[in-house]
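These notes concern the structure reproduced below.
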């Protein structure tokens, strides 16, 4: 199924943004269950996680935005990402699902990691949408 290039950007934004919202909400809910004495160091960890994902995702979004921009005006939807990109997405989704069903994952990890990861996924989705207008 071939679609206009703008829909490839929209697809990328949805694939990154929807999990970003879900992960952010889960992290925020976990923070709500934390005692206040644990908040300061969890917020520091969240900022570090967010910073690391910002650097990583900024490069990935730039690479895939350039890939989409280099495609013809109408391209198959599956060309939004390379094969390596699709495999990486499947791996990350599988890892996220696995974490969901491991009962030994501490609430502190969920709060700090998810609250750092989720917003960076949302920012990446916004960047894909912004790149669609160029």
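Residue numbers (our numbering): 114 to 247. Yeah, the Cβ is synthetic: ideal placement off N, Cα and C, and Gly gets one too. Model, not experiment: these values are computed from the prediction.
Residue range of the beta strand (DSSP E) that residue i falls in?
| i | result |
| --- | --- |
| residue 187 | 187-189 |
Taking the DSSP output, what are the residues bridged to residue i?
| i | result |
| --- | --- |
| residue 115 | 189 |
Under the three-state reduction of DSSP, which class applies to residue i: helix, strand or coil?
| i | result |
| --- | --- |
| residue 146 | coil |
| residue 215 | coil |
| residue 184 | coil |
Following the continuous alpha helix (DSSP H) through residue i, name the residue where it begins and the one where it ends.
| i | result |
| --- | --- |
| residue 221 | 220-244 |
| residue 194 | Note, residue 194: premise wrong, no alpha helix (DSSP H); not H, not E. |
Let's test the definition: count the other Cβ atoms within 10 Å of the Cβ of residue i and tell me whether it reaches 16, buried, or not, exposed.
| i | result |
| --- | --- |
| residue 240 | buried |
| residue 233 | buried |
| residue 245 | buried |
| residue 215 | exposed |
| residue 164 | exposed |
| residue 133 | buried |
| residue 129 | buried |
#### Entry: At least three beta-carbon pairs within less than 8 Å, the stretch 195-205 to the stretch 139-153
no
### Task
Would you check if the stretch 156-163 and the stretch 220-232 touch, i.e. whether three or more CB-CB distances between them fall below 8 Å?
yes
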